[in-house]
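Report on the structure given below.
Protein chains: 2
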Amino acid sequence: MRRSSLGKLAPVPIASVRLDDRFWAPRLQTNRTVTLPIEYEQLKGTGRIDAWKLDWKPGMPNEPHIFWDSDVAKWLEAVGHALAAGPDKPLQRRADRVIAMIERAQQPDGYLNIHFTVVAPRERWTNLRDRHELYCAGHLMEAAVAYYQATGKRTLLDVMCRYADYINSVFGPERGKRRGYPGHEEIELALVRLYRATDDERYLKLAKFFVDERGRRPHYFDMEARARGEDPQAHWAGDYDYCQAHLPVREQATAEGHAVRAMYLYSGMADVAAETRDRKLLAACKRLWKNVTERRMYLTGGIGSTRHGERFTCDYDLPNETAYAETCAAIGLVLWAHRMLQIGRDGRYADVMERALYNGVLSGISLDGRRFFYVNPLAVYPRALTEPSEHLTATRQDWFGCACCPPNIARLLASLPQYVYSQARNEAYVHLFVQGSAELTVAAQSVVLIQRTGYPWKERVRITVQPDEPAEFTLALRVPGWCRGATLKVNGRAVGAARLTRKGYARIKRVWRKGDKVELRFPMPVERIEAHPKVRANAGRVALQRGPIVYCLEEVDNGPNLNDIALPRTARLRAKCDERLLGGVVVVTGKARRRDASAWPNRLYGPSASRTRSVTIKAVPYCAWANRRPGEMLVWVREA
Amino acid sequence: MRRSSLGKLAPVPIASVRLDDRFWAPRLQTNRTVTLPIEYEQLKGTGRIDAWKLDWKPGMPNEPHIFWDSDVAKWLEAVGHALAAGPDKPLQRRADRVIAMIERAQQPDGYLNIHFTVVAPRERWTNLRDRHELYCAGHLMEAAVAYYQATGKRTLLDVMCRYADYINSVFGPERGKRRGYPGHEEIELALVRLYRATDDERYLKLAKFFVDERGRRPHYFDMEARARGEDPQAHWAGDYDYCQAHLPVREQATAEGHAVRAMYLYSGMADVAAETRDRKLLAACKRLWKNVTERRMYLTGGIGSTRHGERFTCDYDLPNETAYAETCAAIGLVLWAHRMLQIGRDGRYADVMERALYNGVLSGISLDGRRFFYVNPLAVYPRALTEPSEHLTATRQDWFGCACCPPNIARLLASLPQYVYSQARNEAYVHLFVQGSAELTVAAQSVVLIQRTGYPWKERVRITVQPDEPAEFTLALRVPGWCRGATLKVNGRAVGAARLTRKGYARIKRVWRKGDKVELRFPMPVERIEAHPKVRANAGRVALQRGPIVYCLEEVDNGPNLNDIALPRTARLRAKCDERLLGGVVVVTGKARRRDASAWPNRLYGPSASRTRSVTIKAVPYCAWANRRPGEMLVWVREA
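Here the protein sequences come in this chain order: A and B.
Residue numbers are given in our numbering: position 276 of the first sequence equals residue 276, and the series is strictly consecutive.
To convert a position in the second sequence, counted from 1, into our numbering, add 1000.
Laid out in structure tokens, this is it:
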């Protein structure tokens, strides 16, 4: 088991975790049996698989795009994670065939990129700013590590080590090397992952170089643009903050630019900080974390407020209807939160991770695993979507030309087991509540944890601790930030959850024996959530949340014109499980008021005198919206 | 005096009207002495004046753009209107010099267009859909008529008649002529104006042809695109509804596409309907009117909800912060309303005309006449304007690359006197309440009307009627749609305003004698205006209006974060004149509540428990916003 230098936690790997709950397990099953196969078909049908044959010639259809490699890589990584959870021969054979193609595509010098081999062979490394070359390399490295860890097969890992060695010969601080770094980050975190899998410190050093070099003056992207004969000022994205290269990373204090890029960078920064014990770099991560999670994040864990540049805007600017909140960005937030959690052991990170997982990530895929959202607004009025784009749609789509999200959510779902537990020398952490079991290595021996729970719908979590032998260690159980009044019993006896809880975890240190039982109860009233007064979009509005689940109103349940619904401050809200709805969810109902549109005269404006009538509203989990008849959706409901 | 065939009203021309009130007269004075000179300097400085020399060659700076002619034309038209109101020798000399340049630029065949003479001489009439050729011609025709009517000088009128004759030889239903029509309408209404000035029926016929031909199948724009070797399906604007050519105009029932184009078309349709007694065409105008004013118009008279295509979207889709509401579109609505009013004699048209004039038009220019808004949102958060464009700004600008708005508002302001009164054989109409006087021809003699009023700030309007000789006619006084409880006195004696009012006008038929006095009183409480329940952007919100004036909150008066302010339903609102503010305006104050942001913990979301505190709000006229320190602005205030 690898240990970080900063913080001592490490995730319990997928192969050691089993999920058999009713919320996630069916999702993961669908992901493996439905989503991964249809995504392969899409990759195949669009030419992304065969592109690895490198036989594309100008004039042929399906010109390989600069980020096609990454789409296939994410799918391969997802397959790796899925195989770590359990065998699937056909899937593995399919992946092996793709890997064989990739291996054959590697150039003699180790280089490996479809576009820059067959489409623009003379442009290798000439435009790091815009062309996703190192980004593709990073995703392939992640795939290689995942596939190797799941199957023990080294083919792709060896290919990617050769490629990494080659990249290391091209980039770095040494004389004669390029001081460049990617416009779209990803390789930083991937190199750390490769380092952790191979123990080859050069990869960590290269990751650190990419992180450190970013945003320094003279600016590499300026020099690179001039070398191409272009004016650096004429950068299409306007400024380097678009790709977080406006300042050296240690000087960055606000989350700027393209949200997915930012998340991948910050994740890489956290990785490098952990492995190199770089507290200054970690401090930058923490500053950026505060900025994102206290000022620039949707209630769903979505981030990146605007479609223009798919980017962050400014503090508290979180419009609902025009929210971009790309699925990939919420996934990136999970990746970053997970890293910060291992270092900081602080429930605030797990809270955000959970928020994104149960809401803004999961909304990106349909219940049947076949359709995807690229953007995840918090209010949708299909009739007003007068400028729909490929990404801005009121219904999930089969695929996208820019297909980053579908394979990204597939790999995230396939890797979900690794987010549930962490282990350290004398500590076992439970971050998420998912029925199932895990085998940890704690106190120098195997400790099995068995979770029984109906979370996120039910309040109770029972954990049975099964160490090989009695052993003293700390069992750290997350007490979610959304929860007030959690209770905790050990072997049936109440212990003070509040007293035990530090930084979001109830930490129980004792000699654990086989069969010891812990029971947690997280009261789950329907909460009315308010946003910070500076979030202008949510002034006078509340969102309904129960447990970690954010709710929304859908037109199919509440009729059109959802924004006219106003929830009285005193309205009682009831939660009720509906087994037949959306795969079995808890719905929230209550009495609200809305104007009587039929009584309104045929004019657009008039003196305030409208009458309201009572209506019963029904809210469903945001993550499950748009799985029935298309229509309006609203998270933040007006309060009357 | 010309009479329309449908309806019998005609506007009382500028030369017969004097305004000497405190609201408009200073605006018109500033327009003549400040705005028109600086606009000339802008036209000159950007090359738009010298372009008429036709000496531009490829490679030289300032390549004449396809719509430069229209910028100069609108400025000339404004000068014409200004000269109709009173002499201004320097302005007239300047205009004469420009007209002389235009005259010299006319080609031997009568053609007159800078771009298609010096930049793209072989592309004449090859792309009516996109290239503004007939649009420019129309604006020059309007300028010619205005200048001729103001000064009696025929130079430009003769030039434009020659050009119109040439256009008439190219376009029309006859064999050998092109069955084309403009992508950007304007020439239709201009040709009717030319017809009214010259009595040459060919111009009316040509206008009618352009109107009738629009949207017919086979589609001219398809044929034209194919002739250029282009795929008609590849039209950049997506569909012909962008330029109202998706259907024959008589079949159009909803306002679609680019809002300015729509307004110019509908104005031309109304003109053609009036002059040709075409009741079917008028019916189409009325249908479109209902759609615009009952479903697609901002409270300010702004229209065109989205920047994407500067266009209408769908019914009730009126977002405030992303409103486009181009200044030119509100001006176009005034032009159309004015025409519908002459035909229909219905106060509904005057109500919309007044709404746009006092709000969404006037917001387009600063109080000092030097700076302009292109877009006029109803909520502005400058810090969140993360994608500002030339047009989307939180402060007025000196000029724009696409400079349609500045000269358009100049010509509208200069022509304002013509909107105040209309006359018919035995009727005198007062549409707007502006202190001053007018000389009408009614009952076959001169009738002077003298208005004394502090409108829009004060409730009372006194009109003295001065016929040459006692004469029986109807004095029709508008009772504004916003007003409840208007009172009316004739020679000091109350008469039933409600009883006399039909279609928005109190119609007093009697023998009028010199010195007869009419007094109107329009109670002006501060009204809370609500929007139709289907306008989702305004659910739970009210706008403050007093008289015709729409109010807004500005950050300079109310602090930042305006959307957090909530106005209790029971809050008393006071109106008070502040002579030192914004040139002297009535401000509205009241008690409201807002959250205590300082008491909010340092987190983005939390259970609903925030405390509010009492604040005094101060609202100022929307038309006068952004004349002080830049900051937030909000029209629709939340109601608590």
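Built from N, CA and C at the ideal position, the CB exists for glycine as well.
The structure displayed is predicted, hence computed values, not measured ones.
Close beta carbons around residue i, own chain, < 6 Å, minus the five adjacent residues each side
i	result
B:Val1442	Gln1423, Ala1428 and Phe1473
A:Ala253	Arg287
B:His1115	Pro1064 and Ile1066
A:Thr306	Thr313 and Tyr324
A:Asp557	Lys618
Residue i versus residue j - alpha carbon distance
i	j	result
A:Ala85	A:Leu634	36 Å
A:Pro382	A:Asn320	14 Å
B:Leu1475	B:Ala1144	33 Å
B:Glu1186	A:Tyr240	44 Å
A:Cys328	A:Lys290	20 Å
B:Ala1609	B:Ile1508	60 Å
B:Ala1566	B:Arg1611	13 Å
A:Val479	A:Asp109	51 Å
B:Glu1632	A:Thr198	55 Å
B:Trp1600	A:Ala444	46 Å
A:Leu416	A:Phe522	22 Å
B:Asp1071	B:Asn1062	15 Å
A:Arg2	A:Ala78	Here the model assigns A:Arg2 a pLDDT of 47, short of 50, so the residue's position is not dependable, and the following value carries that caveat. Roughly 22 Å between the two C-alpha positions.
A:Ala137	A:Lys205	16 Å
A:Thr117	A:Leu128	15 Å
B:Leu1378	A:Ala626	31 Å
B:His1219	B:Tyr1242	14 Å
B:Leu1043	B:Trp1512	49 Å
A:Asn408	A:Asp130	20 Å
A:Arg462	A:Ile450	8 Å
Sequence-distant residues of its chain with Cβ nearer than 8 Å to residue i (five each side left out)
i	result
B:Tyr1419	Pro1011, Val1334, His1338, Met1353, Leu1357, His1431 and Leu1432
A:Val249	Val211, Asp212, Arg214, Gly215, Leu265, Met269, Leu281 and Ala284
Close-in-space but distant-in-sequence residues of the same chain around residue i (CB under 7 Å, 5 per side omitted)
i	result
A:Arg541	Trp636, Val637, Arg638 and Glu639
B:Met1263	Ala1329, Gly1332, Leu1333, Leu1335 and Trp1336
A:Gln545	Trp482, Glu527, Ile529 and Tyr551
B:Tyr1166	Asp1109, Gly1110 and Tyr1111
Backbone secondary structure at residue i - three-state DSSP
i	result
A:Thr313	coil
A:Lys509	strand
A:Arg3	Confidence at A:Arg3 is low in this model, with a pLDDT of 45, below 50, so the placement of that residue should be treated as unreliable; the coordinate-derived value is given next. A:Arg3: coil per DSSP, three-state reduction.
B:Ser1614	strand
A:Met60	coil
A:Tyr324	coil
B:Val1034	helix
A:Val11	One point to set straight first is that residue 11 of chain A is Pro, not Val, in the sequence displayed. It is a strand residue.
Selection from the options that minimises the alpha carbon distance to residue i
i	options	result
B:Tyr1135	B:Ala1323, B:Asp1088 and B:Ala1207	B:Ala1207
A:Thr300	A:Gly238, A:Ala624 and A:Cys161	A:Ala624
B:Glu1579	B:Arg1022, B:Arg1018, B:Ala1015 and B:Gln1451	B:Arg1022
A:Leu194	A:Ala323, A:Val159 and A:Gly183	A:Val159
A:Asp278	A:Arg569, A:Leu6, A:Thr589 and A:Ser389	A:Leu6
B:Trp1457	B:Val1495, B:Ala1497, B:Pro1548 and B:Tyr1374	B:Pro1548
B:Leu1520	B:Val1017, B:Val1434, B:Met1101 and B:Gly1364	B:Val1434
B:Pro1026	B:Lys1177, B:Val1490 and B:Leu1367	B:Leu1367
B:Val1170	B:Ile1014, B:Asp1088, B:Phe1209 and B:His1139	B:Phe1209
A:Asn168	A:Trp125, A:Ser446 and A:Leu156	A:Trp125
Distance cut-off 7 Å: residue i Cβ against heavy atoms of the ligand SAH
i	result
B:Leu1156	This structure lacks the ligand SAH; in fact it carries no ligand of any kind.
Give, in chain order, every residue of the region 563–578 of chain A whose Cβ lies closer than 7 Å to some Cβ of chain E.
Note that chain E does not occur in the displayed structure, where the protein chains are A and B.
Return the chain-ordered ranges of every alpha helix (DSSP H) run that is complete within the region 1158–1221 of chain B and spans a minimum of 4 residues.
Within the region 1158–1221 of chain B, the complete alpha helix (DSSP H) runs of at least 4 residues are 1187–1198 and 1201–1213.
What are the uninterrupted segments assigned as beta strand (DSSP E) that are 3 or more residues long and contained completely in the region 556–639 of chain A, given in chain order?
Counting only runs of 3 or more, we get 573–578, 585–595, 605–607, 612–621 and 637–639.
Residue ranges of each beta strand (DSSP E) run of no fewer than 3 residues wholly in the region 516–551 of chain A, ordered along the chain?
The region 516–551 of chain A contains these whole beta strand (DSSP E) runs: 516–521, 527–531 and 541–546.
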